[in-house]
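Number 186 in my numbering belongs to position 182 of the sequence shown; there are no gaps in the numbering. Beta carbons: idealized from backbone N, C-alpha and C, even for Gly. None of these values were measured; they are calculated from a predicted model. Each remark here refers to the structure printed beneath this line.
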Amino acid sequence: MGSDALKLARELGDQLLINRVLNTLGYTALSQRNLLQAAVWYREGLSHAMELDSKERIGWNLYGLALVAETEEQYLQAARLFGAVETWLDINADMNQAEHAEYTHVFENVRARLGKRAFAAARSEGHGLTPAQILVAPRLHPVVGTPPPPNYPDGLTNREVQMLCMISDGLTYHEIATRLHISPRTVNTYLTRAYSKIQVSRIQVSAGGQKSRVASRIAASRYVDEHDLC
């Protein structure tokens, strides 16, 4: 490698290091709940990554903005940004185990908050957004206070709907418990209440047989589809 090429490579390495520092500053501000400053660092990192024409660094800063949007409860924007991230970052190859776990947790939370259909539409929209379009878009104001709970049918709570959606996706009680960091008994309690509200027989829940579990799961899936809950 010639001296000019070596110098250029070193300069590029320095610039990539600077971009990682900007991303780290954004993550630090986010962990301190300084969301305005976190967005500033991530947007500066995104602009810098665009100048470097670094696909991976663009992806990481878009992901940072998605984390900010999720923390601000701007779930539609977070879903769009997740779609954009997928265009620039290979989630399975570019993230370590801890980073991938965080990504999956936030991704699933946004999808649960929006419902499957709204999430899929916003995520698809994000696939078509360029980093430049995201950079010049006006920043949304954070949600102030606690938003009103969704008006679910039959008096279902948000947690009960979340359980029904997971059951309709084919997850077992133990898988739901692991994902939500609760006990299988708590999962059973929520689902028993939910099944009662949507008039799925309590016998189907408590009998414990394979047929009764399948029957209640089918009934729950049908209810979820009819009311577009997920």
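Query                                                                                                                                                                          : Result
Say whether the segment 123-138 touches the segment 76-90, bearing in mind that this needs 3 or more beta-carbon pairs closer than 8 Å, one atom from each stretch.            : yes
In three-state terms, what does DSSP make of Gly132?                                                                                                                           : coil
Between which two residues does the alpha helix (DSSP H) harbouring Gln41 extend?                                                                                              : 39-56
Within 10 Å of its beta-carbon, does Ala116 have 16 or more other beta-carbons around it, so buried, or fewer, so exposed?                                                     : buried
One question on the structure: do Ala53 and Asn96 come within less than 8 Å of each other, judged by their Cβ atoms?                                                           : no
Count the other C-beta atoms from every protein chain shown that fall within 10 angstroms of the C-beta of Gly174, then say buried if there are 16 or more, exposed otherwise. : exposed
If we count the other Cβ atoms within 10 Å of its Cβ and call it buried at 16 or more, is Gly159 buried or exposed?                                                            : exposed
Does the Cβ of Arg189 have 16 or more other Cβ atoms within 10 Å, making it buried, or fewer, making it exposed?                                                               : exposed
Starting from the Cα of Thr176, find the closest Cα among Gly63, Gln203, Val191, Leu34 and give me that residue.                                                               : Val191
Taking Cβ to Cβ, would you say Gly63 is nearer than 8 Å to Gly30?                                                                                                              : no
Output needed for Ser58: all residues of its chain with C-beta closer than 8 Å, excluding positions within five of it in sequence on either side, in chain order.              : Leu20, Asn23
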